[in-house]
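Residue numbers (the working numbering): 6 to 299.
Remarks on the structure that follows.
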Ligand code: CP
């Protein structure tokens, strides 16, 4: 039995099965015959991931144990391990965790006997965001084969870029990166293009937020938009069918011009809706894998 930590641990078939489940859960939600407790342990801020996990858990009929890190015994020096072990001891059946450390799972790799779902690990991985991005692309194109996706922005500090680039490549998409100087990630072996090249070649433009909380590199807002972001002029150069994605939160007017956030090409709010269904599918999957539900 594995924790749900990295998109790379899932086979391509398993990813497709989870996408199928997510699609079916849009129409019908499974319910469980016994009481199941889910602990949401967010040590880093979140709006979408946390709230869509809560909606997913409510749709599945789970009991939710909320946790406020700022009012917890973390402030008395309790460790991440002891916090999760406490939730396990009081009856949590599954823990959803977001933490600023890239490798927080290492501390939990032995001794924890409930499934853990990664809701964001530092700059390293965001597998549930990846799954909702995959669902959004699959709904749009019906396949990943040869779909040209350009991931644009603060690549080096982005857990979304790392999860998505590798998963998309494995599923047959053509992945490109585009970044301002200082935001490239040479550990990812994909071709770089300029933003002007990106808009002309892409089927999907996946914009990323500048992760100001993780570094001090500063671009002036207008300089960044003009040189590296999606302006209306660049949006006009996109192919007719091409779409815009962004994991959000969005720096409006920085990586994307304000009016484009809700334009007809944008699937940004669709991504958020899809987040509920992929998280239902992931919860259902881990609860079954661990024998907690039938
Ligand atoms: N996309 C995403 O992870 O958003 P939150 O930080 O609001 O959860």
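Built from N, CA and C at the ideal position, the CB exists for glycine as well.
Here the structure is a predicted model, which means the values were calculated and not measured.
| Is residue 125 near ligand 1, judged by its Cβ being under 7 Å from some heavy atom? | Remark: the shortest separation between the CB of residue 125 and any heavy atom of ligand 1 falls under 7 Å.
| query | Can you give, in chain order, each stretch of the beta strand (DSSP E) that sits fully within the region 219 to 297 and has at least 3 residues? | reply | Scanning the region 219 to 297 for uninterrupted beta strand (DSSP E) segments of 3 residues or longer gives 248 to 250, listed from N- to C-terminal end.
| task | Verify the contact flag: residue 51, CB atom, against every heavy atom of ligand 1, threshold strictly below 7 Å. | result | Relative to the non-hydrogen atoms of ligand 1, the Cβ of residue 51 comes within a distance shorter than 7 Å of at least one.
| Ends of the beta strand (DSSP E) at residue 121? | Counted as a single uninterrupted DSSP element, the beta strand (DSSP E) harbouring residue 121 occupies residues 121 to 126.
| field | Extent of the continuous beta strand (DSSP E) run through residue 169 | value | Unbroken run through residue 169 is the alpha helix (DSSP H), 164 to 175; no beta strand (DSSP E).
| request: Please go through the same chain and pick out, in chain order, the residues whose beta-carbon is closer than 7 Å to the beta-carbon of residue 131, but skip the five residues on each side of it. | output: Result list for residue 131: 125, 164, 165 and 168, in chain order.
| At a cut-off of 7 Å, is residue 253 close to ligand 1 when judged by its beta-carbon and the heavy atoms of the ligand? | In this structure, residue 253 has its CB closer than 7 Å to one or more heavy atoms of ligand 1.
| task | Could you pull out every residue in the same chain whose Cβ sits closer than 7 Å to the Cβ of residue 258, ignoring the five residues on either side in sequence? | result | Only 226 and 230 meet the Cβ criterion.
| request: Look at the Cβ atom of residue 209, then the Cβ atom of residue 250, and state whether they are nearer than 8 Å. | output: The criterion of a C-beta distance shorter than 8 Å is satisfied by residue 209 and residue 250.
| request: State yes or no: is the C-beta of residue 54 nearer than 7 Å to some heavy atom of ligand 1? | output: Within the cutoff, so yes.
| query | Quick one: Cα of residue 202 to Cα of residue 236, how far? | reply | In a straight line, the C-alpha of residue 202 is about 14 Å away from that of residue 236.
| Taking the alpha carbon of residue 129 as the point to measure from, which residue in 99, 296 and 162 has its own alpha carbon closest? | Ranking the options by Cα distance to residue 129, first place goes to 162.
| task | Could you tell me how far apart the beta carbons of residue 7 and residue 41 are, in whole angstroms, since I believe they sit closer than 8 Å? | result | So it is not a contact: roughly 19 Å between Cβ atoms.
| query | According to DSSP, is residue 53 helix, strand or coil? | reply | The answer is helix: DSSP assigns residue 53 an H, G or I state.
| message | Rounded to the nearest angstrom, what separates residue 314 and residue 38 at their Cα positions? | response | Residue 314 lies beyond the range of the chain shown here (6 to 299); nothing can be said about it.
| query | So residue 160 packs on residue 291, CB below 8 Å; how close in whole Å? | reply | Not a contact, Cβ separation roughly 29 Å.
| said: Considering Cα atoms alone, identify which of 137, 267 and 205 is closest to residue 242. | reply: Of the listed residues, the one whose Cα sits closest to residue 242 is 205.
| said: As an exercise, report each continuous beta strand (DSSP E) stretch of at least 3 residues that is fully enclosed by the region 35 to 95, in chain order. | reply: Qualifying beta strand (DSSP E) stretches, in chain order: 42 to 47 and 68 to 70.
| How big is the Cα-Cα spacing for residue 118 and residue 139? | Going from the Cα of residue 118 to the Cα of residue 139 covers about 29 Å.
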